[in-house]
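Visitor: Before I ask anything, let me first share the structure, which is written out below as C-alpha cells.
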Amino acid sequence: MNMASMGILLIFTVISISIGNAKTGFISLECKAEKLGQYGQQSLLECVINAPDDDTDIRVVTWKKALRSLLVFDEGKFTKKQPGYSFAEPSWNNRNMNVSLLITNTAVEHDGLYECMVVTDSGTDYKTTSLKVTAKYSEPTILSNPEVITLDTGGTLTCESGHGYPEGKLRWFDELKGELTKDTQMEVKVTKSGLFQLSSKLVLGQGSNISQCICSVFNASAGKEEETTFKVLNTPKPPEFQKKLDPATKIVAPLVVIGSLIIGLLLALLYRKRSQQARRHSTIPLMGNHRMVRTSDGEEGDEKC
Ligand SMILES: *[C@@H]1O[C@H](CO)[C@@H](O)[C@H](O)[C@H]1NC(C)=O
Ligand SMILES: *[C@@H]1O[C@H](CO)[C@@H](O)[C@H](O)[C@H]1NC(C)=O
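Quick note: the sequence shown uses the working numbering, first residue 1, plus one each step.
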C-alpha cells in the first residue's frame with residue numbers, strides 16, 4: 001500500500017466515523033452517573049432516551065454489567081431477562097423512552113458499573129452508570145471480660161458490629177471523647193453475602209481512670225453510624241451495686257415491691273371472686289331454660305290446671 005492510498009483510506013475512515021457520529025447524534029441516552037443503592041431494597045438505575053421525535057421506535061436495549069447481559073430487548077421481544085432485573089417502567093414497550101433498570105433486591109454483588117446501550121430508528125447511544133451499594137452497620141455490642149470491670153481490676157472489652165457495606169471502622173473513645181483506638185486492632189470478616197463483620201478489642205489496664213468506653217462504628221465515608229457505651233465501675237468491689245443506686249431509686253424500689261404485692265393480692269381476690277361467679281353462672285342458664293320452658297307452656301299449663 002503506498003502513501004497516497006493510505007491517505008485516502010485515512011480520509012475515508014474519518015469521514016465514515018463522522019457520518020456514524022452524525023447518525024448517533026439524533027438521539028442521546030442520558031444516565032445518572034452514580035446511584036446509591038441500599039442493601040435489601042430496590043435500586044433504580046436511571047437512563048432515559050432523549051429523542052427528537054415522539055414516534056421514535058426502540059429496536060434494541062441492552063443492560064450489561066461486566067460483560068454479563070442482564071436485560072436484553074431485541075426487535076420486539078426480551079432475549080435475556082436475568083432474575084431480579086427488569087425495566088423500571090411497569091409496562092415498558094418500545095415507545096417508552098424511560099429505559100431505567102430496576103434491581104429488585106439489592107445485594108453486595110450489584111455494586112459496580114453498568115452499561116446501557118440503545119438502538120433506535122434514529123440512532124444509537126451507549127452510557128455507563130454505577131451503583132454504590134451500602135448496608136448500615138448494626139448497633140455495636142460490647143462484651144467484657146471479666147463481666148464486671150472496675151477501675152481497679154481492668155479487663156478486656158470486645159466490640160462487634162456487622163451487616164455493613166462497604167468496609168467500615170470501629171473506633172473507641174473515652175467519656176471525654178478522647179480516642180482510645182490507637183492500641184486496638186480491628187478484625188474484619190466478610191460474610192457469605194459479602195457484608196462486613198467488624199470486631200475490635202480494647203484492653204483496659206489496672207488502675208486506668210477511664211470510666212466510660214464508647215465503641216463507635218463508622219461507615220466507609222467516615223460517617224458515624226452507631227455507638228454503644230460501656231461503663232467501668234468506680235467501686236473497689238464489683239458486687240456492691242447498692243452504692244450505685246441513687247436516692248430516688250432507694251425510695252422507689254421498696255414502693256415498687258409493695259405496689260406489686262398489693263396488685264398481686266387484688267388480682268388473687270378478683271380471681272377468687274370470678275371463679276365463684278363462674279360456678280354460679282354454670283347453674284343460672286339451666287335455671288333460665290327451665291323457667292322459660294315453664295313460662296312458654298306454663299300459660300297453657302296454668303289454664304289446664
Ligand atoms: C423512569 O421510570 C421510573 C419508574 O417508573 C421512575 O421512577 C423515574 O422517575 C422515571 N424517570 C424519568 C426521567 O421519567
Ligand atoms: C455514612 O454515615 C453518615 C452518617 O450517618 C451518613 O450521612 C452517610 O450517608 C453514610 N454514608 C454511606 C455511604 O452510607
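We put the beta carbon where it would ideally sit given N, CA and C, even for glycine.
Rounded to the nearest angstrom, what separates Asn-96 and Ser-138 at their Cα positions?
Guide: Mapped onto the sequence shown, residue 96 falls at position 96. Mapped onto the sequence shown, residue 138 falls at position 138. Asn-96 and Ser-138: Cα-Cα distance of roughly 41 Å.
Visitor: According to DSSP, Glu-115 sits in a beta bridge with which residue or residues?
Guide: Residue mapping note: residue 115 aligns to position 115 of the sequence shown, counting from 1. Answer by DSSP bridge pairing, in chain order: Lys-64, Thr-128.
Visitor: Can you tell me whether DSSP reads Leu-265 as helix, strand or coil?
Guide: Numbered from 1 along the sequence shown, position 265 holds the residue referred to as residue 265. The answer is helix: DSSP assigns Leu-265 an H, G or I state.
Visitor: Quick one: using the 10 Å Cβ neighbour count with 16 as the cut-off for buried, is Phe-78 buried or exposed?
Guide: Walking along the sequence shown from the start, residue 78 turns up at place 78. Classification for Phe-78: exposed.
Visitor: Residues in the same chain with beta-carbon distance under 7 Å from His-110, minus the five sequence neighbours each way, listed in chain order, please.
Guide: Within the sequence shown, numbered from 1, the residue matching residue 110 stands at position 110. Within the same chain, His-110 has close Cβ partners Gly-37, Ser-43, Ile-103, Leu-131, Val-133.
Visitor: At a threshold of 7 Å, does Val-118 count as lining ligand 1 (C-beta to nearest heavy atom)?
Guide: Within the sequence shown, the letter at position 118 stands for residue 118. No - ligand 1 has no heavy atom lying nearer than 7 Å to the Cβ of Val-118.
Visitor: In angstroms with no decimal places, state the Cα-to-Cα distance between Lys-201 and Arg-59.
Guide: The count along the sequence shown starts at 1 and reaches residue 201 at position 201. The count along the sequence shown starts at 1 and reaches residue 59 at position 59. In a straight line, the C-alpha of Lys-201 is about 58 Å away from that of Arg-59.
Visitor: Return the CA-CA distance between Gly-84 and Asn-105, expressed in angstroms with no decimal places.
Guide: Counting from one through the sequence shown, the residue named residue 84 turns up at place 84. Counting from one through the sequence shown, the residue named residue 105 turns up at place 105. If you take the alpha carbons of Gly-84 and Asn-105, they lie about 7 Å apart.
Visitor: Below 6 Å CB to CB, which residues in the same chain sit around Ser-216 once its five sequence neighbours on both sides are set aside?
Guide: Within the sequence shown, the letter at position 216 stands for residue 216. Arg-171, Lys-224, Glu-227, listed in sequence order.
Visitor: What do you reckon, are the CB atoms on Leu-180 and Val-108 nearer than 8 Å?
Guide: Counted from its first residue, the sequence shown places residue 180 at position 180. Counted from its first residue, the sequence shown places residue 108 at position 108. Not closer than 8 Å, so no.
Visitor: So for Asp-174, helix, strand or coil by DSSP?
Guide: As a first step, residue 174 must be located in the sequence shown, where it is residue number 174. Strand, per DSSP.
Visitor: Measuring from the CB of Glu-89, is there a heavy atom of ligand 1 at a distance below 7 Å?
Guide: Translated into positions along the sequence shown, residue 89 becomes position 89. The answer is yes for Glu-89.
Visitor: Ala-220 and Glu-187: beta carbons closer than 8 Å?
Guide: Numbered from 1 along the sequence shown, position 220 holds the residue referred to as residue 220. Numbered from 1 along the sequence shown, position 187 holds the residue referred to as residue 187. Not in contact: Ala-220 and Glu-187 (Cβ atoms no closer than 8 Å).
Visitor: Below 8 Å on the Cβ atoms is my contact criterion, and I expect Gly-76 with Asn-94 to pass it. Report the Cβ-Cβ distance as a whole number of Å.
Guide: One-based indexing of the sequence shown puts residue 76 at position 76. One-based indexing of the sequence shown puts residue 94 at position 94. About 7 Å separates the two Cβ atoms, so the contact holds.
Visitor: Going along the chain, which residues of its own chain have a beta-carbon closer than 8 Å to the beta-carbon of Gln-185, five neighbours each way excluded?
Guide: Here residue 185 refers to the residue found at position 185 when the sequence shown is read from its first residue. Cβ neighbours of Gln-185 beyond the five flanking positions: Ser-200, Lys-201.
Visitor: Name the two residues that bound the continuous beta strand (DSSP E) containing Phe-218.
Guide: The residue you call residue 218 lines up with position 218 of the sequence shown. 212-218 is the extent of the beta strand (DSSP E) around Phe-218.
Visitor: What is the residue span of the beta strand (DSSP E) that Glu-147 lies within?
Guide: Position 147 of the sequence shown, counted from the first residue, corresponds to residue 147. Element bounds for Glu-147: n/a, residue is neither H nor E.
Visitor: Closest Cβ-Cβ distance between Thr-156 and chain C: below 8 Å?
Guide: The chain inventory of the structure shown lacks chain C, comprising one protein chain alone.
Visitor: Assign Ile-263 to one of two classes, buried (16 or more other C-beta atoms within 10 Å of its C-beta) or exposed (fewer than that).
Guide: Indexing the sequence shown from 1 puts residue 263 at position 263. Classification of Ile-263: exposed, given that the 10 Å Cβ count is below 16.
Visitor: Give me, in chain order, the residues of the same chain whose beta-carbon lies closer than 7 Å to that of Lys-127; leave out the 5 immediate sequence neighbours on both sides.
Guide: In the sequence shown, residue 127 corresponds to position 127, counting from 1. Result list for Lys-127: Leu-29, Cys-31, Cys-47, Cys-116, in chain order.
Visitor: Say yes only if the C-beta of Glu-139 is nearer than 7 Å to one or more non-hydrogen atoms of ligand 1, and no if none qualify.
Guide: What you label residue 139 is simply residue 139 of the sequence shown in a count that begins at 1. Glu-139: no, Cβ never under 7 Å from ligand 1.
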